[in-house]
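To convert, take the position in the sequence shown, counting from 1, and add 22; that gives this note's numbering. Heads up: the structure comes next, in structure tokens.
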Amino acid sequence: MAKYNKILVTGGAGFIGTNFVRYVIKNNPDVQIVVLDKLTYAGNADNLKDLPEDRVQLVVGDINDADLVDQLVQKTQAVVHFAAESHNDRALHDPRVFMQTNLMGTFTLIEAARKYHVRFHHVSTDEVYGDLPLRPTTPDLDKFTTSSQYKPSSPYSATKAGADLLVRAWVRSFGLQATISNTSNNYGPYQHIEKFIPRQITNIMSGIRPKLYGNGQNVRDWIHVLDHVAGIWAILERGEIGETYLLGANEELDNLTVLQMILQNMGLDSQDFDFVADRPGHDLRYAIDATKAQNDLNWQPQYTDFAAGLQQTIQWYQAHQSWWQADKTAVEANYAKDKQ
Ligand code: NAD
Ligand code: TDX
Numbered sequence: 023m024a025k026y027n028k029i030l031v032t033g034g035a036g037f038i039g040t041n042f043v044r045y046v047i048k049n050n051p052d053v054q055i056v057v058l059d060k061l062t063y064a065g066n067a068d069n070l071k072d073l074p075e076d077r078v079q080l081v082v083g084d085i086n087d088a089d090l091v092d093q094l095v096q097k098t099q100a101v102v103h104f105a106a107e108s109h110n111d112r113a114l115h116d117p118r119v120f121m122q123t124n125l126m127g128t129f130t131l132i133e134a135a136r137k138y139h140v141r142f143h144h145v146s147t148d149e150v151y152g153d154l155p156l157r158p159t160t161p162d163l164d165k166f167t168t169s170s171q172y173k174p175s176s177p178y179s180a181t182k183a184g185a186d187l188l189v190r191a192w193v194r195s196f197g198l199q200a201t202i203s204n205t206s207n208n209y210g211p212y213q214h215i216e217k218f219i220p221r222q223i224t225n226i227m228s229g230i231r232p233k234l235y236g237n238g239q240n241v242r243d244w245i246h247v248l249d250h251v252a253g254i255w256a257i258l259e260r261g262e263i264g265e266t267y268l269l270g271a272n273e274e275l276d277n278l279t280v281l282q283m284i285l286q287n288m289g290l291d292s293q294d295f296d297f298v299a300d301r302p303g304h305d306l307r308y309a310i311d312a313t314k315a316q317n318d319l320n321w322q323p324q325y326t327d328f329a330a331g332l333q334q335t336i337q338w339y340q341a342h343q344s345w346w347q348a349d350k351t352a353v354e355a356n357y358a359k360d361k362q
């Protein structure tokens with residue numbers, strides 16, 4: 023039996039939210055889920071349409087709609103909050119919607135959760151800690167831990183950091199029954215094609231040369247999305263109220279290496295890509311120390327072979343061309359506005 027049987031999932035039609043809903047429905051026959059999703063460019067109702075209607079209900083709406091949020095939170099036992107504007111490049115051009123959704127939307131949700139004493143899990147990112155040097159000089163700069171300082175460097179990560187701090191304050195001041203997870207870069211099925219790995223896979227499939235920002239030396243710590251959602255479920259089931267958990271899979275790779283793995287996998291030469299202008303303020307390196315989550319939650323990443331996970335991801339985009347094809351031209355046109 024799951025600890026919570028009625029769960030409200032915000033952003034459940036996006037990349038990680040979809041994987042979470044599908045994972046929970048598959049593994050917990052006694053759980054019913056209501057998804058609250060605005061279906062922005064990043065949300066897709068089709069991601070959920072094959073799931074049983076008596077167990078998954080999609081409510082199309084905004085987390086900023088306090089009346090709707092109040093109604094839905096009142097009827098649930100737990101909220102898992104994924105909804106966000108999630109793309110760094112977009113935040114550099116139009117930060118306002120990030121302020122509205124990531125900060126004000128989170129505020130609206132935690133106000134309802136405290137009113138109805140509902141369990142709340144806030145999904146966040148390792149980017150709230152800023153970046154690490156490419157080559158660590160001291161052990162405390164080696165990886166992020168739960169005691170790392172909040173030092174966001176981008177508009178996106180600043181809004182996520184602000185949301186984390188709101189949740190922490192609501193726990194302390196109002197006794198909100200909340201937990202937080204900060205996770206590294208996810209990859210896997212259903213990720214929007216504006217993001218690095220699916221952008222390059224779908225570029226290659228569309229006859230467009232992959233694009234690498236700057237010198238390609240920036241490091242990301244990759245975790246398969248199914249390991250991430252299993253970690254969130256473990257927090258809901260076994261996490262301690264007020265705690266923060268860092269989820270990562272020890273898979274630090276620089277962007278050039280990841281791109282060349284994709285190129286090789288898809289039968290192209292390792293030089294078949296273009297270096298393009300760097301992202302302003304581009305964070306150098308992220309790396310997660312997930313020891314606490316592993317010890318306290320009895321959670322371990324299962325997708326420990328990145329090459330195999332990447333290959334499955336490539337195969338997923340190859341098998342689901344109709345899922346992304348219609349967005350490709352607009353995504354690339356958006357990028358072309360200021361860089362290639
Ligand atoms: P995504 O952009 O793929 O999906 C976001 C979802 O939220 C979409 O379905 C969208 O329609 C919905 N949404 C946006 N604004 C909304 C609003 N105002 N009201 C209701 N719904 C709204 O994002 P993702 O990659 O799945 O990320 C999910 C969460 O995980 C985010 O909070 C993100 O910060 C966090 N996170 C992501 C990663 C990653 O690598 N993708 C890593 C760590 C943490
Ligand atoms: O075309 C590209 N070329 C490129 O070199 C794109 C889109 C990205 N990059 C680089 C920038 C980053 O160093 O690849 C790396 C990954 O980029 P993104 O996929 O945009 O992810 P990132 O900015 O690292 O943030 C992601 O992980 C943390 C998610 O988008 C966030 O939502 C999450 O919080």
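Heads up, the beta-carbon is just placed ideally off N, CA and C, and yes, glycines get one too. Everything numeric in this text was worked out from a predicted model, so none of it was measured.
Contact check, residue i vs residue j, beta carbons under 8 Å
{"i": "L125", "j": "A88", "result": "no"}
{"i": "D291", "j": "N240", "result": "no"}
{"i": "L248", "j": "N41", "result": "yes"}
{"i": "A256", "j": "W321", "result": "yes"}
{"i": "T224", "j": "W346", "result": "yes"}
{"i": "L30", "j": "T98", "result": "yes"}
{"i": "R260", "j": "L198", "result": "no"}
{"i": "I254", "j": "F166", "result": "no"}
{"i": "V193", "j": "G127", "result": "no"}
{"i": "I38", "j": "N208", "result": "yes"}
{"i": "A352", "j": "M283", "result": "no"}
{"i": "L156", "j": "L306", "result": "yes"}
Candidates the options: closest to residue i by CA position
{"i": "Y45", "options": "P302, L61 and L70", "result": "L70"}
{"i": "T326", "options": "A113, H109, I263 and D243", "result": "D243"}
{"i": "E149", "options": "T168, P158, K182 and T130", "result": "K182"}
{"i": "A100", "options": "H115, R118, S108 and H144", "result": "H144"}
{"i": "Q343", "options": "D72, Q213 and F218", "result": "Q213"}
{"i": "N49", "options": "T32, A67, N27 and A35", "result": "N27"}
{"i": "I226", "options": "G197, D294, P174 and E274", "result": "D294"}
{"i": "I47", "options": "V298, Q79 and G331", "result": "Q79"}
{"i": "N175", "options": "L188, R157, L131 and D111", "result": "With the sequence shown as reference, residue 175 is identified as Ser, and Asn is not the correct amino acid for it. Cα-wise, what sits closest to S175 is D111."}
{"i": "V95", "options": "P155, T32 and T147", "result": "T32"}
{"i": "I202", "options": "L90, P161 and L269", "result": "L269"}
{"i": "Q122", "options": "A135, R157, R77 and P177", "result": "P177"}
{"i": "N86", "options": "K314, E107 and V53", "result": "E107"}
{"i": "L285", "options": "Y308, V57, D305 and P220", "result": "P220"}
{"i": "A315", "options": "L306, E262 and A341", "result": "E262"}
Buried/exposed call for residue i, threshold 16 Cβ in 10 Å
{"i": "S195", "result": "exposed"}
{"i": "K60", "result": "buried"}
{"i": "F142", "result": "buried"}
{"i": "G210", "result": "buried"}
{"i": "H246", "result": "buried"}
{"i": "G331", "result": "buried"}
{"i": "H250", "result": "buried"}
{"i": "K233", "result": "buried"}
{"i": "R17", "result": "In the structure as shown, the chain starts at 23 and stops at 362, and residue 17 therefore has no counterpart that could be examined."}
{"i": "Q362", "result": "Low per-residue confidence applies at Q362: pLDDT is 43, beneath 50, and the placement is therefore not dependable, though the value from the model is reported in the following sentence. Q362 is exposed by the Cβ-count criterion."}
{"i": "Y339", "result": "buried"}
{"i": "T205", "result": "buried"}
{"i": "Q93", "result": "exposed"}
{"i": "L154", "result": "buried"}
{"i": "V82", "result": "exposed"}
{"i": "K217", "result": "buried"}
{"i": "T159", "result": "exposed"}
{"i": "A348", "result": "exposed"}
Presumed contact (8 Å Cβ cut-off) between residue i and residue j, rounded CB distance
{"i": "L278", "j": "G229", "result": "That belief does not hold up - the Cβ atoms of L278 and G229 are roughly 22 Å apart, past 8 Å."}
{"i": "F120", "j": "A113", "result": "5 Å"}
{"i": "Y235", "j": "R301", "result": "5 Å"}
{"i": "T168", "j": "T266", "result": "5 Å"}
{"i": "V91", "j": "A24", "result": "Not confirmed; about 23 Å, so no contact."}
{"i": "Q333", "j": "N287", "result": "6 Å"}
8 Å Cβ cutoff, residue i in contact with chain C
{"i": "Y172", "result": "Protein chains in the displayed structure number just one, and chain C is not present."}
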